[in-house]
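So the number in this note's numbering is just where the residue sits in the sequence shown, counting from 1, plus 4. Every residue, glycine too, gets a C-beta built ideally from N, C-alpha and C. What you are looking at is a predicted structure, and each value in this text was computed from that prediction instead of being measured.
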Amino acid sequence: MRTVFLICALLLGFTLGCLFPISRSGEDVGGGEYDNGLIAYQAYRDGDWDWEIFVVNADGSNQTQLTDNTSDDMFPAWSPDGRRIAFDSKRDGDREIFVMDADGGNQTQLTFDDDWDAGPAWSPDGGRIAFTSDRDGDREIFVMDADGSNQIQLTDNESLDRWPAWSPDGSRIAFVSDRDGDWEIYEMDADGRNQRRRTYGSGKENQFADETPAWNPDGKCIAYHAKDDNGDCEIYVLKGGHQRELTHNIIKDIEPKWSPDGLHIIFTSYPNGITWGSEIFLMEADGSMLIQLTTNYSNSCDPAWSPDGRRIAFSSGRTGSRSEIFVMDADGGNQTQLTTEGGLNPAWCPVE
Numbered sequence: 005m006r007t008v009f010l011i012c013a014l015l016l017g018f019t020l021g022c023l024f025p026i027s028r029s030g031e032d033v034g035g036g037e038y039d040n041g042l043i044a045y046q047a048y049r050d051g052d053w054d055w056e057i058f059v060v061n062a063d064g065s066n067q068t069q070l071t072d073n074t075s076d077d078m079f080p081a082w083s084p085d086g087r088r089i090a091f092d093s094k095r096d097g098d099r100e101i102f103v104m105d106a107d108g109g110n111q112t113q114l115t116f117d118d119d120w121d122a123g124p125a126w127s128p129d130g131g132r133i134a135f136t137s138d139r140d141g142d143r144e145i146f147v148m149d150a151d152g153s154n155q156i157q158l159t160d161n162e163s164l165d166r167w168p169a170w171s172p173d174g175s176r177i178a179f180v181s182d183r184d185g186d187w188e189i190y191e192m193d194a195d196g197r198n199q200r201r202r203t204y205g206s207g208k209e210n211q212f213a214d215e216t217p218a219w220n221p222d223g224k225c226i227a228y229h230a231k232d233d234n235g236d237c238e239i240y241v242l243k244g245g246h247q248r249e250l251t252h253n254i255i256k257d258i259e260p261k262w263s264p265d266g267l268h269i270i271f272t273s274y275p276n277g278i279t280w281g282s283e284i285f286l287m288e289a290d291g292s293m294l295i296q297l298t299t300n301y302s303n304s305c306d307p308a309w310s311p312d313g314r315r316i317a318f319s320s321g322r323t324g325s326r327s328e329i330f331v332m333d334a335d336g337g338n339q340t341q342l343t344t345e346g347g348l349n350p351a352w353c354p355v356e
């Protein structure tokens with residue numbers, strides 16, 4: 005019996021090790037340096053309370069400020085090849101989209117409107133950028149070439165359209181719209197044709213907000229969170245015409261993000277019915293094996309997968325009055341603080 009137990013334990017350990025390889029500081033995993041990688045984030049450090057964009061190595065070294073002006077630069081988004089970063093900026097008086105090299109060079113303004121342009125989303129091939137704009141009086145989805153040329157309006161109605169998300173093959177764009185009265189997930193071809201509604205209140209009569217669409221890596225499913233009029237949010241997955249609820253929390257679970265292999269989903273949650281102190285959770289793609297990764301009740305949020313799926317970057321306020329950037333293994337182990345002067349919205353470079 006003891007021999008059987010030992011064999012089972014070894015098999016279990018081997019299985020978990022394959023799913024989530026654990027590394028100690030300085031060890032190599034999968035033939036590469038585990039601490040390699042670059043993370044972009046936003047922080048204010050110059051005393052003027054203006055957001056700027058920084059990068060840091062995934063081991064906490066070489067923290068570098070990329071932008072420096074008297075306005076806000078926010079929400080960095082890496083190009084698929086890791087060579088450029090698109091971001092929102094208010095440096096010309098209103099919110100516009102800029103792009104720069106990964107080292108902060110060649111900062112270039114792409115949109116030039118007196119209104120709000122924000123939320124850049126790179127196409128998978130890096131050739132185009134989708135974004136949200138209210139230049140025609142309400143918020144619509146636009147697309148442009150990566151150099152800012154050929155700006156085309158994809159949606160056109162009297163409601164609000166936002167949150168564009170490219171399918172992995174670049175042929176479709178999911179987005180959020182309230183054109184039918186409630187916030188729902190819609191889908192269209194990358195040129196704006198064939199717009200169609202994909203969610204319908206997630207099957208609940210009091211549902212009024214389906215948001216944050218995220219495609220899985222094979223493009224067959226969309227994860228999102230759905231909010232009802234009580235303010236509760238749950239994580240859902242849309243596949244074909246079927247909407248499946250994955251979480252069941254009395255407050256809210258928000259902003260699902262797929263692992264690079266499509267087998268897991270991380271999200272931010274407010275556990276135990278509290279309205280503060282968010283934590284990060286992990287589950288399998290079908291909603292099973294739910295695991296709480298952070299346990300500090302200090303607003304841990306903004307999780308972002310590493311390109312190989314072995315680690316997760318996130319922000320947390322556990323050290324004081326402001327959030328800092330942390331990384332952890334995909335099973336929640338080895339939680340390590342990277343920054344000491346503030347940080348939010350980490351974005352892991354897609355190329356190591």
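- Across the structure, Glu328 and Ser163 are spaced so that their CA atoms are roughly 37 Å apart.
- Below 8 Å, enough C-beta pairs join the stretch 274-294 and the stretch 249-261 to call them touching: three or more.
- Asp306 and Met332 have their C-alpha atoms some 13 Å from each other.
- Excluding its 5 nearest sequence neighbours in each direction, Leu348 has C-beta neighbours in its own chain below 6 Å: Gln46, Ser319, Ser327, listed in chain order.
- Annotation for Gly321: Ser302, Asn303, Ser327 place their beta carbon closer than 7 Å to its own, counting only its chain and skipping 5 residues before and after.
- Per the C-alpha coordinates, the member of Thr74, Gly97, Gln111, Asp85 positioned closest to Phe91 is Gln111.
- A straight-line Cα-Cα distance of about 15 Å links Phe102 and Thr74.
- The stretch 181-192 and the stretch 124-142 do not touch, with fewer than 3 CB-CB distances between them shorter than 8 Å.
- Residue state for Pro260 is assigned as strand, using DSSP reduced to three classes.
- The three-state secondary structure of Pro275, taken from DSSP, is helix.
- When the Cα atoms are used, Phe79 and Ser181 turn out to be separated by approximately 21 Å.
- Considered as a whole, the stretch 100-160 harbours 100-105, 121-126, 132-137, 144-149 as its complete beta strand (DSSP E) runs of no fewer than 3 residues, in chain order.
- In the three-state reduction of the DSSP assignment, Thr343 falls in the coil class, being assigned neither a helical nor a strand state.
- Annotation for Trp309: the continuous beta strand (DSSP E) segment containing it runs 305-309.
- Closest by C-alpha distance to Leu294, out of Leu250, Asp312, Pro264, is Leu250.
- The alpha-carbon of Ile89 is positioned some 21 Å away from that of Trp262.
- Residue state for Ser171 is assigned as coil, using DSSP reduced to three classes.
- Take the alpha-carbon of His268 and the one of His229: they are about 16 Å apart.
- With contacts defined by Cβ atoms closer than 8 Å, Glu259 and Thr299 do not form a contacting pair.
- If you compare the alpha carbons of Thr343, Ile316, Glu356 with that of Ser65, the shortest gap goes to Thr343.
- Per DSSP, the continuous beta strand (DSSP E) segment holding Ile239 begins and ends at 237-243.
- In the structure shown, the three-state DSSP call for Glu356 is coil.
- In the DSSP annotation of this structure, the continuous segment of the beta strand (DSSP E) that includes Asn61 starts and ends at 56-61.
- Only residues of its own chain outside the window of five on either side were considered, and among them Asp92, Ser93, Trp120, Asp121, Ala122 have a CB closer than 8 Å to the CB of Arg99, listed in chain order.
- About 18 Å separates the beta carbon of Asp193 from that of Arg166, a gap too long to meet the 8 Å contact definition.
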